[in-house]
Every structure is written in C-alpha cells, then in structure tokens.
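K.L.:
Take this structure, written in structure tokens, and hold onto it; I'll ask about it next.
Number of protein chains: 2
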Amino acid sequence: MRAYLDCYPCFLRQALEAARMAGADEQLQRRILGRVLEVMKGATLSATPPQISHQVHRIVRRETGVDDPYRAAKARSTEEALRLYPWMAQVVAAAHDRLDAAVRLSIAGNIIDLAANADYELRDEVTRVLQEPYGIDDGDAFRVALDGVEQVLYLADNAGETVFDRPLIETIDAPVIYAVKGHPTINDATIADARAAGVAEVAELISTGSDAPGTVLETCSERFRRTYGEADLIIAKGQANYETLSTEGPRVFFLLLTKCPVIARDLDAPHRSLILYQGRGDGGRRQEKEL
Amino acid sequence: MRAYLDCYPCFLRQALEAARMAGADEQLQRRILGRVLEVMKGATLSATPPQISHQVHRIVRRETGVDDPYRAAKARSTEEALRLYPWMAQVVAAAHDRLDAAVRLSIAGNIIDLAANADYELRDEVTRVLQEPYGIDDGDAFRVALDGVEQVLYLADNAGETVFDRPLIETIDAPVIYAVKGHPTINDATIADARAAGVAEVAELISTGSDAPGTVLETCSERFRRTYGEADLIIAKGQANYETLSTEGPRVFFLLLTKCPVIARDLDAPHRSLILYQGRGDGGRRQEKEL
Chain Y
15 MRAYLDCYPC
25 FLRQALEAAR
35 MAGADEQLQR
45 RILGRVLEVM
55 KGATLSATPP
65 QISHQVHRIV
75 RRETGVDDPY
85 RAAKARSTEE
95 ALRLYPWMAQ
105 VVAAAHDRLD
115 AAVRLSIAGN
125 IIDLAANADY
135 ELRDEVTRVL
145 QEPYGIDDGD
155 AFRVALDGVE
165 QVLYLADNAG
175 ETVFDRPLIE
185 TIDAPVIYAV
195 KGHPTINDAT
205 IADARAAGVA
215 EVAELISTGS
225 DAPGTVLETC
235 SERFRRTYGE
245 ADLIIAKGQA
255 NYETLSTEGP
265 RVFFLLLTKC
275 PVIARDLDAP
285 HRSLILYQGR
295 GDGGRRQEKE
305 L
Chain V
15 MRAYLDCYPC
25 FLRQALEAAR
35 MAGADEQLQR
45 RILGRVLEVM
55 KGATLSATPP
65 QISHQVHRIV
75 RRETGVDDPY
85 RAAKARSTEE
95 ALRLYPWMAQ
105 VVAAAHDRLD
115 AAVRLSIAGN
125 IIDLAANADY
135 ELRDEVTRVL
145 QEPYGIDDGD
155 AFRVALDGVE
165 QVLYLADNAG
175 ETVFDRPLIE
185 TIDAPVIYAV
195 KGHPTINDAT
205 IADARAAGVA
215 EVAELISTGS
225 DAPGTVLETC
235 SERFRRTYGE
245 ADLIIAKGQA
255 NYETLSTEGP
265 RVFFLLLTKC
275 PVIARDLDAP
285 HRSLILYQGR
295 GDGGRRQEKE
305 L
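So, in structure tokens, the structure goes:
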C-alpha cells in the first residue's frame, strides 16, 4: 500500500511519541520534528508508509542516542500479555472452532500497538474483539492454504502481541518459522522480545535483519529474503506488514485490526474491524526474483 | 496559549482538509502540504496556534484560488442550526436558570467545528452537552460581570455556531456587539454568515478585519482593536479565541468545548468538557496600549 497524504500527520505524531519515549526534552523534540519535516518534504508517495516511518524512527534513535526507546514499554506489554496467556489457552481449548478462536486472539493482540493508540484496557478490549464480526474474512481460503502445508512463515508485529500469536502457532498443524525485527523499531518485537514472550518454545525464531517497521524486503537480510521467497504460506501480522506486503500475492494472509482509517479504506473494510485477508497480486514471486 | 509540538500534526491535518474542501487534486494537495511543511519548519513556538494556522489557511486559499473553501459547509451548518433554533428557544424559556441554559446552548454550538471533527449528529450531541457537568465553571464570576454592564463584545466562532449564540445574546440584559471575521478562514463566520444565521436581528454586527482564526489582535483592524480595548466584558467563543486571548485578563470569558487534548491540558480541564472560563493575566489592557 502506497503512502497517502493522510499519513503525514501520523509520521509527525509517531516521531513526537518516540522522541518522548526516548526522554527527549522539548528542544530535542523540536530538532527531531525539523528533521522529520525534511524527510516528509522529500518523500515520494509511491513509497509505503513504513518505508517513510523507517527513516523517522532512525532519526529519533540517532538524535536521542537511545537505541530502543520502547524497551520498557515493550517489556510491560509482554508481561501484561503473559498474564493473560493461561486464559487465552482456555479460550482456544473451549472453542467449538479452535482455529477461528486462535486467529481471533492473534488479531486481538494487535491492540498492543503503541504506535496507534497509547491507551487500552487489554483484557476488556480483547474480549470485545473476540466477539466482533470480521471486516474481511478469508477464513475459508486460509483453511485450504493451511491444509497439508509443510511449513508456515509467521511475520511478527509488536512485542506483547507476540504472546497472542502463541495459541495460533500451537493450533497450526505444521512447523512455524517466526520472523522478528533485526533491530528495535517502535515497539516491534526483536528476538529478545519474542524469547521473553515464550515464542521460542513453539516456533523457530529468525530475524528479518531489518530495522524497518513492517517487512520492507529491500532492507532485509539475504537469508531472510530466501526464507521469504521459499515460503508456501505466510501469516503477516499487523498494519505495517499489510502496508508493506499488500501486493505480494495470495500466499500471504494478513491478520490485523484496522486501527488507521487510511488502511481501512485501502482494504475497503470498516474502521476498527478484524481482518483476515488473503493478499492479491503476484508480487511475492516476482519481487523475490528481482531482489 | 503558545503552540505545542502536538499542534504540528494538526496543522497538516487542517491543511489537507481545507485543500480537499477547496477541491484540490492530490498533486495540488501535495504542493500545499509542501508549503505548509516549510511554514512549520520556520514557526516559532512562542506563537499561538492560530497565528500559525493563519498562514496555513492562507496557503490553501492562495494555492487553490478558492477564497472560501468552506462556503458550502458553512451554509449547511447554518441551515441545520436554524432548524434547531425554535427548540433552543423553548429550552431556554423552560429552564429554571435561563442564563445557564443559554450559556450551555452557546457552548454546545461549539460542536459545529469542522476543523476539529467532521462527523457529528447535531441534535443528539447538543442534547448530550446540555446535560454534562462543566469542566470549568466560572458562572458566578460571569453573573457578577454581567450585572449592570453597559455593553458586551461577543467574539464569534464558526458559522452555524452563530445560531446557538442567539439565545445567549437574547438572554443578556445589555446590548451586544457581535464580532466576526473580516475574511473567510476555515469555517469561521463572516458578516454574511452571521446575517444568514439571523444574528443581525439581535446584535450589532462588526468585523475584526482579520482573516486569522481566533482573534489575532495584530491582524485586526484599528477600528476593531478600539472596540476591543474599550470593552468591559468580552465573551470569546471557541478554542481558537482561547488560544489567542487566554492571557488577556479577567474581562474575557471563554465559552468552549475542549475538543483538543492540548487545549484541555492547557486549561487543566477534562477532554471534551464544557468550559466557562474567566481569563487570567492583564494582557487585555496592556496589549491594547502596546498595539
């Protein structure tokens, strides 16, 4: 999905939030915003939003000297989610349709996204999301794709949300490779964050090698790109993965909550709805060859 | 109230909205945002937010060649509010405390503010606001100030909201001078908008001579500044008038809804609450001499 002009206010908002997370005073916040304004002036709208916010968060880290502004917030999110894990396991075990329950939990975990909304009451919100209708439900295609698949590549999103991915990983009847960021960016999960969430016990952890939000393939390691190119089925969590991979073809299934009206419009789905969306286009195979 | 860095995303959002209101295509929207980014880079935070958005809306008008992007929206707001006027008159007539009812209606009219929120169900929202507690209630001081006053200067806000000002003007036991913008800016009322709302029947209409949101005194006509300087009691409607006149002293009473979290914080009041606030500082008298 390309960037829209509506994304511009959001880049500024994200820069401010990250700068404050890193402890920047108002003068430093101002300098950071000045740099971000320059990036925005030079940005091309054919870029995806994470390609632009990638630069934004690099500026924040460079100017503040804080390598992981969201470290404490990520640890809190993971702890909070871990407290809910026994309940999640019960929800899935008691469900008539275990796969659907696990998918819904995984999507509900997408609430833990400080980049979009700093306030949430986790358990209440999750319970609400579990009962809501899907905005897009490609569940039938997802079941067909999962049937007999040899391996699944699972693209992680935020720390804490990682815990909500575990029930789905445990429900899928195939080995899962769980890919996290190579370096901190916003509150996205790194290897350390995924380990703290217990994901290493149920999946093989790998790194994308990138510090961009979402999956900006040209910033990923060659090794990751090979894994990506060979994958038969990819589960991509969260808005940023949709923004970066939306045209990557039908082997990618996007699991997210539409927390941004621009993304909801791009998906032609209601704002704040559950999305299980099978990708369109053939970018996946094509792009891998080009890279 | 000075500008905060949190205002920056909002300047961009306002520029985009106004550009679209003026019918700009994406290429022109982009050029406008580019100009606005430059203004923001050069802006000083000691300015009030309307001093900066003044430049933003000038850019939109100049680049689009559309002198009044909100003309149709303003006409719709006025018509919609006029349909509610008979009901408003009943609400005040039936009230135990007529002044309080009229003040609440006037504040409730502040919902018609497209710059802050494009979606609202007018009658429902107004009814809700009429029943809510005040976030700040300087009603006692307001009654004392009104008692025996010779004349009231009433600084208008948006078109449509003007209709909601009529019950208060009719309730106040003194002649009212109703000041509107000298030139269109956002959805702020001009002389024509105030006439369409029927305000000319209950108050003397004057123009500030300015095309800035709020009341940026240095951009107002000498004639308006004289009227302003001589006024014993000023009613200032809406957020932008608070932003520009918050330190103008106790003769200014601000009536608004806190629709912006930055303004709510500056007022030390809850977000989305009714405000009847007596100004602090002595800027009113002092500044008039300096001008």
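The listed protein sequences correspond, in order, to chains Y and V.
For reference, each letter of the first sequence is one residue, going 15 to 305 in my numbering.
For reference, each letter of the second sequence is one residue, going 15 to 305 in my numbering.
Think of the CB as a built atom: it goes at the ideal place given N, C-alpha and C, for glycine as much as any other residue.
All figures in this text were calculated on a predicted structure; none of them were measured in a lab.
Which bits of chain Y does residue 55 of chain V rub up against, with CB to CB less than 7 Å?
P.N.:
By one-based count along the second sequence, residue 55 of chain V stands at place 41. Those are 48 and 51, listed as they occur along chain Y.
K.L.:
Contact between the segment 231-241 of chain V and the segment 198-208 of chain V: three or more CB pairs below 8 Å?
P.N.:
These segments do not touch.
K.L.:
Identify each residue in the segment 82-116 of chain V for which the Cβ-Cβ distance to at least one residue of chain Y is less than 9 Å, and report them in chain order.
P.N.:
Correct list: empty, as no residue qualifies.
K.L.:
Under the rule that 16 or more other beta-carbon atoms within 10 Å means buried, what is residue 287 of chain Y, buried or exposed?
P.N.:
Position 273 of the first sequence, counting from 1, holds the residue named residue 287 of chain Y. Its Cβ being crowded by 16 or more others within 10 Å, residue 287 of chain Y is buried.
K.L.:
Going by CA-CA distance only, name the one from V/258, V/111 and V/125 that's closest to residue 140 of chain V.
P.N.:
Position 126 of the second sequence holds residue 140 of chain V. Measuring from the Cα of residue 140 of chain V, the nearest candidate turns out to be V/125.
K.L.:
What does residue 11 of chain V reach in chain Y if we use C-beta pairs closer than 9 Å?
P.N.:
The structure shown does not extend to residue 11 of chain V, since chain V is modelled only from 15 to 305, so the question has no answer here.
K.L.:
Between residue 44 of chain V and chain Y, is any beta-carbon pair separated by less than 8 Å?
P.N.:
By one-based count along the second sequence, residue 44 of chain V stands at place 30. So, interface residue.
K.L.:
Indicate whether residue 167 of chain V and residue 241 of chain V have their beta-carbon atoms separated by less than 8 Å.
P.N.:
If you number the second sequence from 1, residue 167 of chain V lands on position 153. If you number the second sequence from 1, residue 241 of chain V lands on position 227. Taking 8 Å as the Cβ cut-off, residue 167 of chain V and residue 241 of chain V qualify as a contacting pair.
K.L.:
In three-state terms, what does DSSP make of residue 266 of chain Y?
P.N.:
Position 252 of the first sequence, counted from the start, is the residue given in the question as residue 266 of chain Y. Correct three-state label for residue 266 of chain Y: strand.
K.L.:
Looking at the C-beta of residue 40 of chain Y, does it have a partner C-beta in chain V at a distance below 8 Å?
P.N.:
As a first step, residue 40 of chain Y must be located in the first sequence, where it is residue number 26. Chain V, which has a Cβ nearer than 8 Å to the Cβ of residue 40 of chain Y, makes this yes.
K.L.:
At which residue ranges does the segment 188-270 of chain V contain complete alpha helix (DSSP H) runs of 4 or more residues, listed in the order of the chain?
P.N.:
Taking only runs of at least 4 residues, the alpha helix (DSSP H) segments lying wholly in the segment 188-270 of chain V are 205-210, 236-244 and 252-259.
K.L.:
Using a Cβ-Cβ cut-off of 8 Å (strictly less than) and excluding sequence neighbours within five positions of residue 265 of chain V, which residues of its own chain qualify?
P.N.:
To locate residue 265 of chain V, count along the second sequence from 1; it is residue 251. 159, 245, 246, 247, 248, 293 and 298.
K.L.:
Please list the partners that residue 271 of chain V has in chain Y, where partner means a Cβ-to-Cβ separation under 8 Å.
P.N.:
Numbered from its first residue, the second sequence carries residue 271 of chain V at position 257. In chain order: nothing, as chain Y lies at least about 20 Å away.
K.L.:
On the DSSP letters alone, give me the boundaries of the beta strand (DSSP E) that residue 149 of chain Y sits inside.
P.N.:
Position 135 of the first sequence, counting from 1, holds the residue named residue 149 of chain Y. 148-151 is the extent of the beta strand (DSSP E) around residue 149 of chain Y.
K.L.:
According to the Cβ coordinates, are residue 122 of chain V and residue 177 of chain V closer than 8 Å?
P.N.:
For the purposes of this step, residue 122 of chain V is taken as residue 108 along the second sequence, with counting starting at 1. For the purposes of this step, residue 177 of chain V is taken as residue 163 along the second sequence, with counting starting at 1. Their beta carbons are not under 8 Å apart, which means residue 122 of chain V does not touch residue 177 of chain V by this criterion.
K.L.:
Since residue 257 of chain V and residue 63 of chain V are thought to touch, with beta carbons under 8 Å apart, how far apart are those beta carbons, to the nearest angstrom?
P.N.:
One-based indexing of the second sequence puts residue 257 of chain V at position 243. One-based indexing of the second sequence puts residue 63 of chain V at position 49. The pair is a contact, with the Cβ atoms about 5 Å apart (cut-off 8 Å).
K.L.:
First and last residue of the alpha helix (DSSP H) that includes residue 183 of chain V?
P.N.:
For the purposes of this step, residue 183 of chain V is identified with residue 169 of the second sequence, where counting begins at 1. Counting along the chain, the alpha helix (DSSP H) containing residue 183 of chain V begins and ends at 175-185.
K.L.:
Give me, in chain order, the residues of the same chain whose beta-carbon lies closer than 6 Å to that of residue 179 of chain Y; leave out the 5 immediate sequence neighbours on both sides.
P.N.:
Here the question's residue 179 of chain Y lines up with position 165 in the first sequence. Answer for residue 179 of chain Y: 120, listed in chain order.
K.L.:
For the ligand COA, is there a heavy atom less than 7 Å away from the beta-carbon of residue 199 of chain V?
P.N.:
No copy of the ligand COA occurs in the structure displayed, which carries no ligand at all.
K.L.:
Identify, in the order they occur along the chain, each residue of the same chain with its Cβ nearer than 6 Å to the Cβ of residue 116 of chain Y, setting aside the five sequence neighbours on each side.
P.N.:
By one-based count along the first sequence, residue 116 of chain Y stands at place 102. Closer than 6 Å at Cβ, skipping near neighbours: 106, 181, 182 and 185.
K.L.:
Is the segment 42-53 of chain Y touching the segment 80-90 of chain Y, taking contact as three or more C-beta pairs under 8 Å?
P.N.:
Contact between the segment 42-53 of chain Y and the segment 80-90 of chain Y is absent, because fewer than three Cβ pairs lie under 8 Å.
K.L.:
Is there a C-beta anywhere in chain V that falls below 8 Å from the one on residue 288 of chain Y?
P.N.:
In the first sequence, counting from the first residue as 1, residue 288 of chain Y sits at position 274. Not an interface residue.
K.L.:
Identify which residue in Y/198, Y/172 and Y/164 has its Cα closest to the Cα of residue 190 of chain Y.
P.N.:
Position 176 of the first sequence, counted from the start, is the residue given in the question as residue 190 of chain Y. Among Y/198, Y/172 and Y/164, the Cα nearest to that of residue 190 of chain Y belongs to Y/164.
K.L.:
Using DSSP bridges, identify the partner residues of residue 168 of chain V.
P.N.:
Residue mapping note: residue 168 of chain V aligns to position 154 of the second sequence, counting from 1. Beta-bridge pairing links residue 168 of chain V to V/192 and V/249.
K.L.:
So residue 290 of chain V and residue 151 of chain V are in contact, right, with Cβ under 8 Å, and what is the actual spacing, rounded?
P.N.:
Position 276 of the second sequence, counted from the first residue, corresponds to residue 290 of chain V. Position 137 of the second sequence, counted from the first residue, corresponds to residue 151 of chain V. The pair is a contact, with the Cβ atoms about 6 Å apart (cut-off 8 Å).
K.L.:
In whole angstroms, what separates the C-alpha of residue 89 of chain Y from that of residue 228 of chain V?
P.N.:
Position 75 of the first sequence, counted from the start, is the residue given in the question as residue 89 of chain Y. Position 214 of the second sequence, counted from the start, is the residue given in the question as residue 228 of chain V. The alpha-carbon atoms of residue 89 of chain Y and residue 228 of chain V are separated by roughly 44 Å.
K.L.:
Using only the alpha-carbon positions, how far apart do residue 108 of chain V and residue 100 of chain V sit?
P.N.:
In the second sequence, counting from the first residue as 1, residue 108 of chain V sits at position 94. In the second sequence, counting from the first residue as 1, residue 100 of chain V sits at position 86. Looking at the two C-alpha atoms, the distance is approximately 12 Å.
K.L.:
Report buried or exposed for residue 28 of chain Y, applying the criterion of at least 16 other Cβ atoms within 10 angstroms of its Cβ.
P.N.:
The count along the first sequence starts at 1 and reaches residue 28 of chain Y at position 14. Per the 10 Å Cβ criterion, buried.
K.L.:
Suppose only complete runs of 4+ residues qualify. What are the alpha helix (DSSP H) ranges in the segment 83-141 of chain Y, listed by chain order?
P.N.:
Qualifying alpha helix (DSSP H) stretches, in chain order: 85-108 and 112-122.
K.L.:
Kindly list, in the order they appear in chain Y, the residues whose Cβ is closer than 9 Å to that of residue 30 of chain V.
P.N.:
By 1-based counting over the second sequence, the position of residue 30 of chain V is 16. The contacting residues are 19, 20, 22 and 23.
K.L.:
Would you give the residue range spanned by the alpha helix (DSSP H) that residue 18 of chain Y belongs to?
P.N.:
Locating residue 18 of chain Y in the first sequence gives position 4, where the first residue counts as 1. Residue 18 of chain Y -> no alpha helix (DSSP H), and no H or E assigned at all.
K.L.:
Who are the Cβ neighbours of residue 118 of chain Y in its own chain at under 6 Å, not counting the five residues just before and after it?
P.N.:
One-based indexing of the first sequence puts residue 118 of chain Y at position 104. Hits under 6 Å: 144.
K.L.:
So residue 17 of chain V and residue 91 of chain V are supposed to be a Cβ contact under 8 Å. How far apart are they, rounded?
P.N.:
For the purposes of this step, residue 17 of chain V is identified with residue 3 of the second sequence, where counting begins at 1. For the purposes of this step, residue 91 of chain V is identified with residue 77 of the second sequence, where counting begins at 1. Actually they do not touch by this definition, with Cβ atoms about 27 Å apart.
K.L.:
Check whether the Cβ atoms of residue 42 of chain V and residue 32 of chain V lie closer than 8 Å to each other.
P.N.:
Residue mapping note: residue 42 of chain V aligns to position 28 of the second sequence, counting from 1. Residue mapping note: residue 32 of chain V aligns to position 18 of the second sequence, counting from 1. Going by C-beta atoms, residue 42 of chain V is not nearer than 8 Å to residue 32 of chain V.
K.L.:
Kindly give me the distance between the Cβ atoms of residue 114 of chain V and residue 153 of chain V, rounded to whole angstroms, as I take these residues to be in contact under 8 Å.
P.N.:
Sequence index remark: in the second sequence, residue 114 of chain V carries index 100 (1-based). Sequence index remark: in the second sequence, residue 153 of chain V carries index 139 (1-based). Yes, residue 114 of chain V and residue 153 of chain V are in contact; Cβ-Cβ is about 7 Å, under 8 Å.
K.L.:
Look at residue 26 of chain Y and residue 23 of chain V and say whether their C-beta atoms are less than 8 Å apart.
P.N.:
Locating residue 26 of chain Y in the first sequence gives position 12, counting from the first residue. Locating residue 23 of chain V in the second sequence gives position 9, counting from the first residue. Taking 8 Å as the Cβ cut-off, residue 26 of chain Y and residue 23 of chain V qualify as a contacting pair.
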